[in-house]
Structures are given as C-alpha cells and as structure tokens.
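Those protein sequences? They're chains A and B, same order as listed. Residue numbers 79 to 203, in this note's numbering, belong to the letters of the first sequence in order. Residue numbers 1148 to 1278, in this note's numbering, belong to the letters of the second sequence in order.
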Amino acid sequence: MSLRSPLGKVRGLGSAKEGVVHWWAQRMTAVALIPLVIWFVASIAAMAGADYGTFRNWIATPMVSILLVLLTIATFHHAQLGLQVVLEDYVHTEWLKIACIGLVKFAAIGLAVATIFSIVRIALG
Amino acid sequence: MASQNRPLSPHLQVYKPQLTSVMSIMHRATGIALAVGTLLLMCWLIAAATGERAFNDVQAFNASWIGRLLLLGWSYALFYHLCNGIRHLFWDAGKGFELDAAYRNGWLVVAASVVLTAAAWIWGYASIGAF
C-alpha cells in the first residue's frame, strides 16, 4: 500500500515536497566537480613553482577563467550542502544548529564571491 | 515501550571497524577537511589578484615544509573524496551494493586515491624540474 497521493507520485515528490532538492543538488555538483577537479589538480601541478606573471597569465586565459569560476561555484555549493548535513547530524541544539548552518551558507556565498571577483579582476586586469 | 525495540546505529566504541565503515567516516572527514583546505587555495587566488608581494608570500608558504604537508593532505583528501564520491554515485544508481562488491570497489578507491596523489606530486615535482 502506498501512502503517496497520485499527484505526489506524478511529481516524484514525497511528503517533504522539496526534500529531494538538497540531495539532487549534492549529486549534480558532484558530477560537475569530477572533470573540473581533475583539470584543476593537473593544472596546478603543472603550475607548481610558477612566478607571479606566469600564474596570472594562466588565470587570464579565457577558458581557464571560465573553468575556474565554474569550479568555484560548484565547489562552494557542494561544500555548503555537505557541511549542512554534517551539522544537522551532530548539532542537536536547535538554535545553534540553525546558527551554524546559516554561518556556513553566508560564508560559502561570501567566499565564492571573493574568489570569483579575484578571477575576474585578473582576467580583465 | 515500543521505542526501545527500534534499531540502533552501531555504537562506535564497541563496534569492530570494517573497511566499509571506516571508508564512510573517511568520506565525511575528507569532505570537512576539503572545505577548510579550499580556504587556503582561495588565498592563493586572492593573493594573485592582490599583487606580486602577496602572491610571493603565499608561494613561499606553499613551498615550506608545513605548506607542502598541508598540500599533501589536501591532495590526498581530494582524491579520496573524488574516488569515493564516484563510488557513492554508483551506489546511488543501485550498483555495487553487494557485500563483496562493496569491499572490492572500496579497495579500488583506496588504491586509486594513493596512485592519483602520487601521480599529481610526481607531475608537480617534474614541472619544477626536480628530476
């Protein structure tokens, strides 16, 4: 016997309505990060010991700037989703849990904007 | 009371560690470590946008033994989380869940994360002309 309403079944939603959004975003950012992370690590390994000019020229390459911005967005989104789950699991005081999750989300947005600003500044500078 | 018969999650102090459970905890631990490690990488980018002196300071820190140790830890955490994350995606698709398969792909993740970390460092040292 299913307790789900026919409408809920059609929409693929359970009682939590949007409960799957978090889970799904975690997986989609994970898939996006597979090629981005492999590219990033291979690139910075090749850039080890690079001087200031070489490093900036590399970042300023259009394809590199674009990939770095995409990497930044996917990384911070994935990280804050993951940290949220960890906090929900281990912090049992309600107000503290909400405060921590809020802090993580604000920090993720702030840090992502700072990183993207730096990339754009180098790319257009 | 009925609530006392509910299944309990394993009590970690008395529960024998297994590859599967240790790897599960490692996935979380590396995820948290990566979130912190990303801040260091951001410093690198922000320093490059700030100016040559700031960039050289960060480069000098990365080249020091503590910088290298942090980067080594970061790179292993990254490759572990990447490989085990792919293992999780296969599980999400309903594949590789049988006990023998979970152990096989578990050891595969451990081996792949070590090999990839070593490869990245060999590449890094080769690019500074260490060989």
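Where a beta carbon is used, it is the ideal one built from N, C-alpha and C, also for glycine.
Would you call residue i buried or exposed, if buried means 16 or more other Cβ atoms sit within 10 Å of its Cβ?
i       : result
A/H170  : exposed
B/T1167 : exposed
B/Q1206 : buried
B/R1251 : exposed
B/L1192 : buried
A/F133  : buried
B/F1202 : buried
B/L1255 : exposed
B/G1271 : buried
Roughly how many angstroms lie between the CA atoms of residue i and residue j, to the nearest whole one?
i       : j       : result
A/T107  : A/A152  : 5 Å
B/G1220 : B/E1245 : 31 Å
B/H1333 : A/Q104  : This structure cannot settle anything about residue 1333 of chain B, because the visible part of chain B is limited to 1148 through 1278.
B/V1183 : A/V164  : 14 Å
A/S83   : A/R89   : 10 Å
A/S121  : A/G160  : 26 Å
A/K175  : A/V109  : 28 Å
B/C1190 : B/D1247 : 43 Å
B/G1232 : B/A1277 : 32 Å
Mind pulling the chain B residues with CB within less than 8 Å of residue i?
i      : result
A/R199 : A1196
What residue does the alpha helix (DSSP H) around residue i start on, and which one ends it?
i       : result
B/P1257 : One point to set straight first is that residue 1257 of chain B is Val, not Pro, in the sequence displayed. Segment 1246 to 1274, the alpha helix (DSSP H) holding B/V1257.
B/M1189 : 1166 to 1197
A/E166  : 140 to 168
B/Y1162 : First-last for B/Y1162: undefined, no H or E at that position.
A/R82   : No alpha helix (DSSP H) holds A/R82; DSSP gives it neither H nor E.
A/A103  : 97 to 124
A/T193  : 172 to 202
B/A1277 : Looking at the DSSP string, B/A1277 is not in any alpha helix (DSSP H), and its letter there is neither H nor E.
Please compile the residues from chain B whose C-beta is within a distance smaller than 9 Å of the C-beta of residue i.
i      : result
A/I112 : L1229, G1232, I1233, L1236
A/I151 : Within 9 Å Cβ-Cβ: nothing; A/I151 doesn't reach chain B, min ~13 Å.
Going along chain A in order, which residues have a C-beta closer than 8 Å to the C-beta of residue i?
i       : result
B/L1225 : V115, V119
Comparing the CB of residue i with every heavy atom of the ligand SAM, is any distance shorter than 6 Å?
i      : result
A/I200 : Absent from the structure shown: the ligand SAM. Ligands present: none.
Which residues of chain B have a Cβ atom closer than 7 Å to the Cβ of residue i, listed in chain order?
i      : result
A/L174 : By Cβ distance, chain B contributes nothing, its closest Cβ being about 17 Å from A/L174, past 7 Å.
Would you mind telling me which residues of chain A sit closer than 7 Å to residue i, beta carbon to beta carbon, in chain order?
i       : result
B/G1271 : A123, A126
For residue i, which residues in chain A fall below 9 Å Cβ to Cβ?
i       : result
B/I1213 : Chain A residues near B/I1213: none, gap ~16 Å exceeds 9 Å.
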